[in-house]
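Visitor: Dumping the structure here so I can ask a few things about it.
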Amino acid sequence: MSGEAESTVDPERFRETCGRFGTGVTVLTTRLGSRVHGMTANAFMSVSLDPPLVLVSVARRARMNRLLAQSGRFGVSVLREDMRELALHFAGRPRRGLSVPFEERLEMPLIRGAVAQIVARVVDIFEAGDHRLFLGRVEHLAAQDGPPLIFFGGRFETLAEAARDADSRLDAETGDEGMRP
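The sequence shown begins at 43 in this note's numbering and counts up by one.
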């Protein structure tokens with residue numbers, strides 16, 4: 043990437059634009075000794091089926107960045123739409139008295155009742171601007187039915203809320219009063 047021109051993209055406009063891509067909401071977890079740490083993240087993706095690989099993106103300034111590098115393993119819990127309080131809790135807005143429904147899989151804490159759970163071992167770490175990308179080989183997975191929590195437009199929403207908000211934004215941008223084909 044050396045020799046490339048410096049970006050003139052406004053960071054806030056970039057965030058707003060990328061916020062139009064609705065994503066699932068996860069809680070990343072890791073264990074270092076007896077200490078469990080969790081962090082809400084929407085930067086998660088599957089990478090490969092064979093071998094089964096997933097990737098998470100963590101800000102360099104986040105404590106999770108150092109902890110994942112040290113522990114070498116992580117859990118991913120894809121939150122159900124009624125788990126908004128857990129998303130907020132692990133996003134840095136802890137709620138006193140909130141009971142976190144952890145359960146253990148392969149000695150890794152995961153959120154009980156999540157629509158998907160994955161445990162992975164870090165196989166590579168990539169530097170990516172102000173983030174680090176942790177590539178993990180999947181060691182455990184589980185899934186159950188249920189609607190996921192979505193991150194859209196800078197907010198945690200249900201699928202129905204995200205669809206309604208997208209329609210409202212489109213109406214505001216086009217002047218449409220709700221007429222749809």
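Beta carbons: idealized from backbone N, C-alpha and C, even for Gly.
In this text, all values refer to a predicted model and were calculated from it rather than measured experimentally.
#1: Let me know the alpha helix (DSSP H) ranges lying completely inside the segment 95 to 134, each 4 residues or longer, listed in chain order.
#2: Please name the residue, chosen from Gly66, Gln159, Phe116, Asp52, that lies closest to Leu74 on a Cα-to-Cα basis.
#3: Just reading off the beta strand (DSSP E) that Thr72 is part of, what are its end residues?
#4: Judging by CA-CA distance, which residue of Glu149, Glu127, Ala83 is the nearest neighbour of Ser141?
#5: Along the beta strand (DSSP E) that carries Arg147, what are the first and last residues, could you check?
#6: Along the alpha helix (DSSP H) that carries Arg57, what are the first and last residues, could you check?
#7: Please identify the residue among Gly139, Val78, Asp124, Leu191 whose C-alpha is closest to the C-alpha of Leu152.
#8: Rounding to the nearest angstrom, what Cα-Cα distance links Gly38 and Asp172 in this structure?
#9: With three or more beta-carbon pairs closer than 8 angstroms as the criterion, would you say the segment 171 to 191 touches the segment 93 to 110?
#10: Considering only their Cβ atoms, is the gap separating Val120 from Ala85 smaller than 7 angstroms?
#11: Please return the same chain residues whose Cβ sits closer than 6 angstroms to the Cβ of Met81, not counting the five positions on each side in sequence.
#12: Using only the alpha-carbon positions, how far apart do Ala204 and Phe56 sit?
#13: Our contact map puts Gly206 next to His182 with C-beta atoms below 8 angstroms; I'd like the distance itself, whole angstroms only.
#14: Where does the unbroken beta strand (DSSP E) through Ser141 begin, and where does it stop?
#15: Considering only residues of the same chain and omitting the five flanking positions on each side of Glu123, which have a CB-CB separation below 8 angstroms?
#16: Can you check whether the CB of Arg154 is closer than 7 angstroms to the CB of Pro93?
#17: Can the beta-carbon of Leu110 be found closer than 7 angstroms to that of Thr72?
Guide: Let me spell this out:
#1: 105 to 113, 126 to 132
#2: On the sequence shown, residue 74 is found 32 positions in, with the first residue counted as 1. Looking at the Cα atoms, Phe116 is the closest of the given residues.
#3: Numbered from 1 along the sequence shown, position 30 holds the residue referred to as residue 72. Where Thr72 is concerned, the enclosing beta strand (DSSP E) stretches over 68 to 74.
#4: Residue numbering aside, residue 141 sits at position 99 when the sequence shown is read from its first letter. Of the listed residues, the one whose Cα sits closest to Ser141 is Glu127.
#5: Along the sequence shown, read from residue 1 onward, the residue named residue 147 stands at position 105. Start and end: 144 to 147.
#6: Here residue 57 refers to the residue found at position 15 when the sequence shown is read from its first residue. Taken as a continuous stretch (DSSP letters only), the alpha helix (DSSP H) holding Arg57 covers 53 to 60.
#7: On the sequence shown, position 110 is the one that residue 152 refers to. Nearest C-alpha to Leu152: Val78.
#8: Lying outside 43 to 223, the shown extent of the chain, residue 38 is not represented and no answer is given.
#9: yes
#10: As a first step, residue 85 is located in the sequence shown; it is residue number 43 there, counting from the start. As a first step, residue 120 is located in the sequence shown; it is residue number 78 there, counting from the start. No, Cβ-Cβ distance for Ala85 and Val120 is not below 7 angstroms.
#11: The count along the sequence shown starts at 1 and reaches residue 81 at position 39. The answer, listed in chain order, is Leu70, Met106, Phe132.
#12: For the purposes of this step, residue 204 is identified with residue 162 of the sequence shown, where counting begins at 1. For the purposes of this step, residue 56 is identified with residue 14 of the sequence shown, where counting begins at 1. When rounded, the distance between both Cα atoms is 19 angstroms.
#13: As a position in the sequence shown, residue 206 is number 164, starting the count at 1. As a position in the sequence shown, residue 182 is number 140, starting the count at 1. What sits at residue 206 in the sequence shown is Arg, not Gly. Contact doesn't hold; Cβ gap of about 36 angstroms is too wide.
#14: Residue 141 sits at position 99 when you count from the first residue of the sequence shown. Per DSSP, Ser141 belongs to no beta strand (DSSP E) and is neither H nor E.
#15: Working through the sequence shown from its first residue, we reach residue 123 at position 81. For Glu123, where only same-chain residues beyond five positions count, the Cβ hits under 8 angstroms are Gly188, Pro189, Pro190, Leu191, Ile192, Thr200, Leu201.
#16: Against the sequence shown, residue 93 aligns to sequence position 51. Against the sequence shown, residue 154 aligns to sequence position 112. Not closer than 7 angstroms, so no.
#17: Along the sequence shown, one-based indexing puts residue 110 at 68. Along the sequence shown, one-based indexing puts residue 72 at 30. Yes, the pair counts as a contact, with Cβ atoms nearer than the cut-off.
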